[in-house]
Every structure is written in C-alpha cells, then in structure tokens.
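Structure record follows, encoded as structure tokens.
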Amino acid sequence: MVIFPVRCFTCGSVIGDKWEYFVNEVKKGRSMKEVLDELGIKRYCCRRMFISHVDLIDELVRYSRKV
Ligand SMILES: [Zn+2]
Numbered sequence: 735m736v737i738f739p740v741r742c743f744t745c746g747s748v749i750g751d752k753w754e755y756f757v758n759e760v761k762k763g764r765s766m767k768e769v770l771d772e773l774g775i776k777r778y779c780c781r782r783m784f785i786s787h788v789d790l791i792d793e794l795v796r797y798s799r800k801v
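Using my numbering, the first residue of the sequence shown is number 735, and each one after it goes up by one.
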C-alpha cells in the first residue's frame, strides 16, 4: 500500500483521513474531481496531493478492474 501523508505539505490541512475513502471511490470508477468535491477538498495544493498519489496506485487500480 502506498503511504499517504496525514497533512498537505503546502497548507497543512489534514487529508490523511480522507485518503482511504477517496481511493475506494476512485476504484469504483468515479472521477477524482467528483470525489474531491464531495470530500470538500477545495484547495489546489490538497487536490494535487491526492491526484499525484493516485498516479502511483494507477497500476493497482487497473489490475483490480481487470479482475
Ligand atoms: Zn493543501
């Protein structure tokens, strides 16, 4: 599992508790933008934290969809 930071590096807001939900929703096929909006992640710096981490698990997501 990819380690996700507890806080945004730029603004320091807590994002770690939202990561698991975010990943699960994205794996279901929802768009990242939609899930971030739902979670109330408005700042670009925080959104970037999620989106850049998803790139790392992208392979994993693809794999789980195949199965
Ligand atoms: Zn931030």
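Ideal placement from N, C-alpha and C gives every residue a C-beta, glycine not left out. Every value quoted in this text rests on a predicted model; they were computed, and no experiment measured them.
Looking at residue i and ligand 1, is the gap between the Cβ and the nearest heavy atom below 7 Å?
i: residue 747; result: yes
i: residue 777; result: yes
What is the DSSP secondary structure of residue i, reduced to helix, strand or coil?
i: residue 741; result: strand
i: residue 801; result: Any reading at residue 801 is ruled out, since the residue's pLDDT is 45, under 50, leaving its predicted position unreliable.
Please list the terminal residues of the continuous alpha helix (DSSP H) segment that includes residue i.
i: residue 771; result: 766–773
i: residue 752; result: Premise fails: residue 752 is in no alpha helix (DSSP H) and is neither H nor E.
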